[in-house]
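Novice: Chains as they are written, first to last, in the numbering used here: chain Z, -7 to 419; chain R, -7 to 419. Where is the CB? At the ideal position from N, CA and C, for every residue including glycine. Mind having a look at this structure? Questions to follow.
The following block contains the structure:
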């Protein structure tokens, strides 16, 4: 790549700032651009106001080679993007009769009468080229000014996405602005905090300045993203550094790309032809759901029990009542009994169990809210682990699922041989 | 309100521009602000670059009374928000030993050793006040400069949200910058598509121009948001129109605000002192998890079985093998047997069951991928319903959960009297 093209985005619409609609355009465009070797450098989210839109477009043109403006092209009075563009260009909107013809035909073919405000969609700055919109009425517009290309694109997702993918990107690729290759690599880790991951990779980061590092933490998972820091770094060089990082991270690394911990476990057990079941209290179905998100999970995952009351733990998982009375529902002993019960009742080789206090109520002095016990049942033994997790009810659930999965993955690898000796694979 | 306070947002993070993570902060903050009578006027989304962050903060301070900056406070080298803030202020970061004490204690209580880069989280511009972070390590910061308040907030959602809601908003409310009143109203509906909801409400929308309508659809739920269309419309007028909409929507309306369908069911059953269990195949734990997201669910929700294989359906739910052989696992008969088995095994008054083909593989000519059978067991009878759902595996799971919950809500209301006669409440 001789030059990394920079892209800026202006998302227009009151609804994006009022919190009525998530701004899904930005993430979508960010992916398209970064996968094609471009660099999304800035985004503005602005109200339906001519001056503010104009200022954001002008600022973006200074910053980037390519500017995508989304929204504000429709027929109603709050659609002001073209007026704003004309203001930036210092020109006046003109009527485009070829667009009028297309819009009138579209309404006719739908058997609907056209209200006069639809004619606003025929206006364009004189410098602008029309981009056909087969998915709606408002056409897109392309403006080439000095060093920048500005694309005005319709706001509805069902029009924006096909217009970008079928019209705009092929043109930019053919001009050599964007390529059709992926310029970044993601490594997924669990078990280390964000800062510990960075410390672990510090020596590689220092000695490999041609690759840029970014870290992102979510519910116990830390993703490390590598991208070329300049035009001279190719995909192979990024992948090479990725491999160095993988080795440095050791057991904390669990996968490249977007694969979840649940997927890694399913793939491993599937390859060994082993089955798995779960018993959940505080995670209440979320652990099972993380497995059943994976296509083909049914080859490994037998199912599970959500045992939300003591009676259910006894009845469905054969947890001995004395254990519940003596140690309580949130204890290592109960977790172990739940995992064992799940494996026996569901006839699986492995089983995971989780019990804890997700909050906001519950908890004891010894085991406050956020305390979770996990258990791992395998052919060669059964283990438990105590976790102390921060956050509200939903955060504790998410985190408990991820930490349990990560621990299970490690335990699985550690005792693989013991498990095989205890219960050899059938021929 | 004498003055409508303006708010600007700066979302920091490469991952937001690379399309790796949706920028959910903006929509969330937009809602918080607009509900409290403020006006979110602009948002910047910027890379992890000191100069760009600094420029965006400076531009935002010119535009708004209050600036929220999210992200970039962590311990790693790409966390640069405080450096950028210092640049805007023309000052140098200083070490805050009170923060260091808190962070060291936090690591100690978690039994983890602290790497040195965590000390970066103790730095702050000298002008900044610390906002305590009970949900993570990086504290928030508050800076008052000229006419603006700038709040630097941590990026992880599980830290940002409680910090805003428990620390920042109460302070802004007490200062009179934001009020604690809702300037908008949300009605939740299920069972109608987005355009059908709009058509149903068209006459009200036309005759009530002082209220603005917005629609938002997600996985079978359509939310209707009402807000004042001008400064002369008060909360009472919005609520009055909300009441008209509720009546017009009839049984499709299920709640005001943010309550989920699962919460509505839990509240209703809790009030009748009835219990509920679930049996899931294709939703694989997601239905149970939707109930266990609700604090206090354990008073109603006994638990459930994720029966992902036929063997588990027979063993854990007493589904008769002849039913599976004759009708298949994805059938009305199996769904009914699963619900009945769950109610009997878990000893609950009500039970819901879901079985279907979530895809991408599976399905038959008669029951293609996306076909789901739900069953509802109650003291007075047991019913089933066939659903045909669009989307990929995860979308089918989500949609199946929502449609099953909505159907259960309607069935519960319809047969309430029969249920009570069949099984009167204990005194």
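Taking the runs of the alpha helix (DSSP H) that are 4 residues or longer, which of them lie wholly in the region 145 to 187 of chain Z?
Specialist: 149 to 154, 161 to 166
Novice: Answer with yes or no whether the minimum CB distance from residue 330 of chain R to chain Z is below 8 Å.
Specialist: Position 338 of the second chain, counting from 1, holds the residue named residue 330 of chain R. No, residue 330 of chain R lies away from the interface with chain Z (no Cβ there is under 8 Å from its Cβ).
Novice: Please work out which residues of its chain come closer than 7 Å, Cβ to Cβ, to residue 419 of chain R, disregarding the five sequence neighbours upstream and downstream, and give them in chain order.
Specialist: Here the question's residue 419 of chain R lines up with position 427 in the second chain. The predicted position of residue 419 of chain R is uncertain, since its pLDDT is 45 and thus under 50; no value can be drawn from it.
Novice: So which residues on chain Z does residue 143 of chain R lean against when the C-beta distance must stay under 9 Å?
Specialist: In the second chain, the residue the question calls residue 143 of chain R occupies position 151. Within chain Z, no residue comes near residue 143 of chain R; the closest Cβ sits about 17 Å away, beyond 9 Å.
Novice: Who are the near neighbours of residue 201 of chain Z in its chain, counting only those whose CB is closer than 8 Å to its CB and skipping five residues on each side?
Specialist: In the first chain, counting from the first residue as 1, residue 201 of chain Z sits at position 209. So the list reads 221, once near-sequence residues are dropped.
Novice: Please report the straight-line C-alpha distance between residue 302 of chain Z and residue 330 of chain Z, rounded to a whole angstrom.
Specialist: Residue mapping note: residue 302 of chain Z aligns to position 310 of the first chain, counting from 1. Residue mapping note: residue 330 of chain Z aligns to position 338 of the first chain, counting from 1. When rounded, the distance between both Cα atoms is 11 Å.
Novice: Can you tell me where the beta strand (DSSP E) holding residue 122 of chain Z begins and where it ends?
Specialist: Translated into positions along the first chain, residue 122 of chain Z becomes position 130. Residue 122 of chain Z -> beta strand (DSSP E) spans 121 to 123.
Novice: Buried or exposed: which applies to residue 243 of chain R, given that a residue is buried once 16 or more other Cβ atoms fall within 10 Å of its Cβ?
Specialist: Within the second chain, numbered from 1, the residue matching residue 243 of chain R stands at position 251. By the neighbour-count rule (16 or more Cβ atoms within 10 Å), residue 243 of chain R is not buried but exposed.
Novice: Let's test the definition: count the other Cβ atoms within 10 Å of the Cβ of residue 250 of chain R and tell me whether it reaches 16, buried, or not, exposed.
Specialist: As a first step, residue 250 of chain R is located in the second chain; it is residue number 258 there, counting from the start. Residue 250 of chain R comes out exposed.
Novice: Might you give, ordered along the chain, the residues of its own chain that have their beta carbon closer than 8 Å to the beta carbon of residue 193 of chain R, omitting 5 neighbours on each side?
Specialist: On the second chain, position 201 is the one that residue 193 of chain R refers to. For residue 193 of chain R, where only same-chain residues beyond five positions count, the Cβ hits under 8 Å are 205, 216, 237, 240, 241.
Novice: Is residue 107 of chain R helix, strand or coil when you go by DSSP?
Specialist: Here the question's residue 107 of chain R lines up with position 115 in the second chain. In the structure shown, residue 107 of chain R sits in coil (DSSP, three-state: anything other than H, G, I, E or B).
Novice: Considering just the uninterrupted stretch of the beta strand (DSSP E) at residue 30 of chain R, what are its terminal residues?
Specialist: The count along the second chain starts at 1 and reaches residue 30 of chain R at position 38. Run containing residue 30 of chain R: none; DSSP gives neither H nor E here.
Novice: If you count every other CB in all the chains shown that lies within 10 Å of the CB of residue 104 of chain R, and 16 or more means buried, which is it?
Specialist: Mapped onto the second chain, residue 104 of chain R falls at position 112. Exposed: under 16 other Cβ atoms inside 10 Å.
Novice: Hey, residue 74 of chain R and residue 65 of chain R are a contact pair by Cβ (cut 8 Å); roughly how many whole angstroms apart?
Specialist: Position 82 of the second chain, counted from the first residue, corresponds to residue 74 of chain R. Position 73 of the second chain, counted from the first residue, corresponds to residue 65 of chain R. Right, their Cβ atoms sit about 7 Å apart.
Novice: Taking the DSSP output, what are the residues bridged to residue 3 of chain R?
Specialist: Mapped onto the second chain, residue 3 of chain R falls at position 11. Answer is R:37, R:62.
Novice: With a threshold of 7 Å on Cβ separation, who are the neighbours of residue -6 of chain R within its own chain once the five nearest residues in sequence on each side are excluded?
Specialist: Taking the second chain and counting its residues from 1, one reaches residue -6 of chain R at position 2. With a pLDDT of only 40 at residue -6 of chain R, under 50, the local geometry of the prediction cannot be trusted, and no value is derived from it.
Novice: For residue 365 of chain R, does the three-state DSSP call read helix, strand or coil?
Specialist: Translated into positions along the second chain, residue 365 of chain R becomes position 373. It is a strand residue.
Novice: Can you say whether residue 131 of chain Z is buried or exposed, counting buried as having 16 or more other CB atoms within 10 angstroms of its CB?
Specialist: As a working note, residue 131 of chain Z is residue 139 in the first chain. Buried, by the Cβ-count rule.
Novice: Any idea what DSSP makes of residue 347 of chain Z, helix, strand or coil?
Specialist: Along the first chain, one-based indexing puts residue 347 of chain Z at 355. It is a strand residue.
Novice: Would you tell me roughly how many angstroms separate the C-alpha atoms of residue 347 of chain R and residue 398 of chain R, rounded to the nearest one?
Specialist: Start at 1 with the first residue of the second chain, and residue 347 of chain R comes out as number 355. Start at 1 with the first residue of the second chain, and residue 398 of chain R comes out as number 406. Residue 347 of chain R and residue 398 of chain R: Cα-Cα distance of roughly 16 Å.
Novice: Would you say residue -7 of chain R lies against chain Z (beta-carbon separation less than 8 Å)?
Specialist: Your numbering for residue -7 of chain R matches position 1 in the second chain. Unreliable positioning characterises residue -7 of chain R in this predicted model, as indicated by a pLDDT of 36, which lies under 50. A coordinate reading is not provided.
Novice: Can you tell me whether DSSP reads residue 342 of chain R as helix, strand or coil?
Specialist: To locate residue 342 of chain R, count along the second chain from 1; it is residue 350. Here residue 342 of chain R sits in strand by DSSP.
Novice: Are residue 123 of chain R and residue 160 of chain R closer than 8 Å when you measure CB to CB?
Specialist: In the second chain, counting from the first residue as 1, residue 123 of chain R sits at position 131. In the second chain, counting from the first residue as 1, residue 160 of chain R sits at position 168. Cβ distance < 8 Å, so residue 123 of chain R and residue 160 of chain R count as in contact.
Novice: Does any residue of chain R bring its CB to less than 8 Å from the CB of residue 19 of chain Z?
Specialist: For the purposes of this step, residue 19 of chain Z is taken as residue 27 along the first chain, with counting starting at 1. True, the Cβ-Cβ gap to chain R drops below 8 Å.
Novice: What does the alpha-carbon distance come out to for the pair residue 37 of chain R and residue 365 of chain Z?
Specialist: For the purposes of this step, residue 37 of chain R is identified with residue 45 of the second chain, where counting begins at 1. For the purposes of this step, residue 365 of chain Z is identified with residue 373 of the first chain, where counting begins at 1. Spanning the two alpha carbons is a distance of roughly 40 Å.
Novice: Sorted by chain position, which residues of the same chain lie with C-beta nearer than 6 Å to residue 32 of chain R's C-beta, five sequence neighbours on each side aside?
Specialist: Sequence index remark: in the second chain, residue 32 of chain R carries index 40 (1-based). Around residue 32 of chain R: -1, 22, 25.
Novice: Determine contact between the region 76 to 90 of chain R and the region 145 to 163 of chain R, defined as no fewer than three beta-carbon pairs at a distance below 8 Å.
Specialist: no
Novice: So which residues of chain Z does residue 127 of chain R contact, with C-beta pairs closer than 9 Å?
Specialist: Mapped onto the second chain, residue 127 of chain R falls at position 135. 382, 383, 384, 387, listed in chain order.
Novice: For a test of the three-state rule: what should DSSP assign to residue 410 of chain Z, helix, strand or coil?
Specialist: Within the first chain, numbered from 1, the residue matching residue 410 of chain Z stands at position 418. Helix at residue 410 of chain Z.
Novice: Suppose you measure from the CA of residue 386 of chain Z to the CA of residue 61 of chain R; what does that come to, to the nearest Å?
Specialist: Translated into the one-based positions of the first chain, residue 386 of chain Z becomes position 394. Translated into the one-based positions of the second chain, residue 61 of chain R becomes position 69. One C-alpha to the other measures close to 24 Å.
Novice: My output table needs one value for residue 400 of chain R: the three-state DSSP class, helix, strand or coil.
Specialist: Taking the first residue of the second chain as 1, we reach residue 400 of chain R at position 408. Three-state DSSP puts residue 400 of chain R in a helix.
Novice: In the DSSP assignment, find the alpha helix (DSSP H) that holds residue 319 of chain Z and state where it starts and stops.
Specialist: For the purposes of this step, residue 319 of chain Z is identified with residue 327 of the first chain, where counting begins at 1. It spans 313 to 319 - the alpha helix (DSSP H) in which residue 319 of chain Z sits, taken as one unbroken run.
Novice: Under 8 Å by Cβ, that's how I've got residue 269 of chain R and residue 321 of chain R pegged, so tell me the actual separation to the nearest angstrom.
Specialist: For this step, residue 269 of chain R is matched to residue 277 along the second chain. For this step, residue 321 of chain R is matched to residue 329 along the second chain. Your pair residue 269 of chain R and residue 321 of chain R does not check out as a contact, with CB atoms roughly 19 Å apart and the cut at 8 Å.
Novice: Strictly under 8 Å for the Cβ-Cβ distance: is residue 278 of chain R near chain Z by that measure?
Specialist: Position 286 of the second chain, counting from 1, holds the residue named residue 278 of chain R. Taking Cβ atoms only, chain Z reaches closer than 8 Å to residue 278 of chain R, which makes this a yes.
Novice: To which residues of the same chain is residue 277 of chain R closer than 7 Å at the C-beta, ignoring the five residues directly before and after it?
Specialist: Numbered from its first residue, the second chain carries residue 277 of chain R at position 285. Result list for residue 277 of chain R: 298, in chain order.
Novice: Comparing the C-beta of residue 401 of chain Z with each C-beta of chain R, is any distance below 8 Å?
Specialist: Position 409 of the first chain, counting from 1, holds the residue named residue 401 of chain Z. It does not; no Cβ of chain R falls within 8 Å.
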